[in-house]
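In my numbering, the protein residues as written are 15 to 432.
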Amino acid sequence: MVLDLRRRLAGRVYYGWVVVGACLLAAMATYGTSYTFGVFYDAFIAEFGVGRGALAFVFGLQTALIYVGGVGAGRAVDRYGGRRIAAVAGVLLAAGLGWTALARTYLELLAAFGVLAGLGMAGLYVVGYATVPQWFERRRGTASGIAAAGTGVGLVTLPGAADSLIASVGWREAMLAVAGAAGLLAALVVLLFADRHADVDADPGVEFEAGAGGTATPSTGLSAGTRATVRSGPFLLVFLGWTLVYAPIYVLLSHVVLYAADAGFGRSTGVLAITVLGVTIVLARLGVGALSDRIGRVTTFVASGALLGVAVLALPLAPTATAFLGGVVVFAVGYSGTGSLLSSTLADLFGNEDLNTMFGVASLAFAVAGLAAPPLAGLWFEAAGSYGPAFGAFGGLGVVGAGCVLLASRLTRGGEHG
């Protein structure tokens, strides 16, 4: 029955667009639930009696496991298919969030939200972000931008709803609601997803030149070319660049509510900043993807990374709540241009072969950034009494990271491809 539904859809529209919709939902489930952490921050501090550095470690551990687990998830997707992995990941995510709602100690919180939910997010992350290039070539940037807009949709809907539920029924019931939403989103991903064109009788010629590619058949081992790629200088530069670009992203996303309160703008302004961030991401990713198909996807990624770094660096200078929210908008535009083009950048620079696995390996950069940056920012605040120095330093690192990706593009096949 499910297969019949997917084949009927394939008869009406190129099925790659349905897969894009499934990827959007996977991104929404992954980041909409992860970034609700910011609105639970003060409730967790009060409940578990820990400082900002220790609590930021929970978010950092989860972020790290999304991408460490993404290596195994990417390999599993290449071997068993994204649909099966999405099903398993959805169960793990919902279970982890449900356990979080019942947690009584900091260690339980660490295991539930940090570990179990993080592993579930890892599978949905790879499915949501590494799939699109296998269904699109001609409109790869546009399709990637639409799929990645799921992050923004998640930010618009889940954190704000969770914050309202915390105020009305308490944080535990709010977290249970988030768990239910994540499970529903994952079920929809499984319903709509297809691993290969042949599964739904879709025509790869809509996007790919004859013999040029399309969805891959299941793999049983890494090719020698892929092994050489992940050890190459350009790939290592991309890895370093992603690490440095995403360090300020995780710092801002994990601390924005507390930063707004400490800066005198009010906690409500911090929660509003998450919503503003989400709305901007949705709108910007739709436009950035199409723009990147015109001016170059790697070029767009580099410019976006530099923009978000400058925005984080300058954010402590905002004198008013309005200026602060304006800085968040600029940051969100930059974040949109990097987040929507991750797998497309890799595909353009290094090709489609073993893309899920290669994407999982490159995504370890986010594990390094996520595990280190938020706790360091929290400890830096406790030592300095201000987020200003941390935001300035991590924003500068973001600009350096954009330069690393630019250098990698100059060293691989002359730069821009696809």
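Note that CB positions come from ideal geometry on N, CA and C, so glycine has one too.
No experiment lies behind these values; they were computed from the predicted model shown.
Secondary structure of Leu355, DSSP reduced to three states: Here DSSP, grouped into helix, strand and coil, assigns Leu355 to coil.
Proximity of Leu69 and Met189 at Cβ, strictly below 8 Å: No. Outside cutoff.
Complete runs of the alpha helix (DSSP H) confined to the segment 304 to 345 [at least 4 residues]: 311 to 328
Residue from Leu420, Val375, Pro262 whose Cα sits closest to the Cα of Gly74: Pro262
Local Cβ density within 10 Å of Pro388, reported as buried at 16 or more and exposed below that: buried
contact_flag[the segment 216 to 223, the segment 338 to 355] where n(CB pairs < 8 Å) is 3 or more: With a cut-off of 8 Å, the segment 338 to 355 and the segment 216 to 223 do not count as touching, because too few Cβ pairs lie within range.
Pairwise C-alpha distance: Ser354 and Ala306: Rather than Ala, the amino acid found at residue 306 in this sequence is Ser. Taking the straight line from one Cα to the other gives about 10 Å.
Gly399 in three-state terms, based on DSSP: Of the three classes helix, strand and coil, the one that applies to Gly399 here is coil, per DSSP.
Tyr94: first and last residue of the uninterrupted alpha helix (DSSP H) it sits in: 66 to 94
Integer-rounded CB distance, given that Gly52 should sit under 8 Å from Leu205: Incorrect: roughly 30 Å between the Cβ atoms, too far for contact.
Beta carbon proximity, Tyr45 to chain C, threshold 8 Å: No chain C appears in the structure shown, which is made up of a single protein chain.
C-alpha distance - Gly128 paired with Gln76, whole-angstrom precision: 4 Å
For Glu187, the three-state DSSP class (helix, strand or coil): helix
Counted within 10 angstroms of its Cβ, other Cβ atoms place Thr336 as buried (16 or more) or exposed: exposed
6 Å Cβ shell around Ala201 - same chain, five flanking residues per side excluded: none
Contact the segment 208 to 216 vs the segment 369 to 388: 3+ CB pairs below 8 Å: no
Helix, strand or coil at Gly255 according to DSSP, with G and I counted as helix: helix
Where Tyr28 falls: helix, strand or coil (DSSP): Look at Tyr28 here: in three-state DSSP terms it is coil, with no helix or strand label.
Which listed residue (Ala376, Leu378, Phe408) has its alpha carbon closest to that of Ala391: Phe408
Nearest residue (CA-CA) to Gly174, options Val271, Val343, Arg20, Leu322: Val271
Identity of the residue in Tyr49, Leu116, Trp113, Ala136 nearest Tyr81 by Cα: For Tyr81, the nearest C-alpha among the options comes from Ala136.
Cut-off 7 Å between Cβ atoms - residues of its own chain near Ala383, not counting five sequence neighbours on either side: Scanning its chain for C-beta atoms nearer than 7 Å, with the 5 sequence neighbours on each side dropped, one finds around Ala383 the residues Thr257, Tyr260, Ala261, Tyr264, in chain order.
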